[in-house]
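K.L.:
The opening position of the sequence shown corresponds to residue 92 in the numbering used here, with each subsequent residue numbered one higher. Glycine included, C-beta positions come from ideal geometry on N, C-alpha and C. Fair warning: this is a prediction, and the values are worked out from it, not measured in the lab.
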Amino acid sequence: MSDDGNGGRKNLRMPDEDEVFATVTDMLGANRVKVRCADGKERTARIPGKMQKRIWIREDDVVLVSPWDWQDEKADITWRYEKSDADQLRDEGHIR
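This is how it looks when you write it as structure tokens:
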């Protein structure tokens, strides 16, 4: 085993200026999910074609979403965190 000195911490993808953390609350079907964003808003998020059937998204997953400019109540999912990565984000205080 190699010890990199940082206690097992991984460098995770953080949100860009137009992205926010979100938690999947409900699966709607037709590649749509309901998410609760870190800015306090509930949005309907779309799973883009490049993620379909490659990355499986389930309820309670932590994701990054990019809200639409023209409809703030909708967004696109840009990234899904693994469970261990989401736990690290919670431990570091980035999400609740």
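Which two residues bound the contiguous beta strand (DSSP E) that contains K165?
P.N.:
K165 to R171 is the extent of the beta strand (DSSP E) around K165.
K.L.:
Would you say I146 and R123 are within 7 Å of each other, going by their C-beta atoms?
P.N.:
In this structure, R123 does not lie closer than 7 Å to I146 by Cβ.
K.L.:
Terminal residues of the continuous alpha helix (DSSP H) containing A177?
P.N.:
Taken as a continuous stretch (DSSP letters only), the alpha helix (DSSP H) holding A177 covers K174 to D182.
K.L.:
I believe L151 touches V126 by the beta-carbon criterion, under 8 Å. Please report the beta-carbon distance rounded to the nearest angstrom.
P.N.:
It should be noted that the sequence gives Asp, not Leu, for residue 151. Actually they do not touch by this definition, with Cβ atoms about 11 Å apart.
K.L.:
Can you look up G96 in the DSSP assignment and give me helix, strand or coil?
P.N.:
With a pLDDT of 47 at G96, under the threshold of 50, the modelled position of this residue cannot be trusted; read the value that follows with caution. Residue state, collapsed to three classes: coil.
K.L.:
Can you say whether L155 is buried or exposed, counting buried as having 16 or more other CB atoms within 10 angstroms of its CB?
P.N.:
Its Cβ being crowded by 16 or more others within 10 Å, L155 is buried.
K.L.:
Applying the 10 Å Cβ sphere with the 16-neighbour rule, what's the burial state of R134?
P.N.:
Result: buried.
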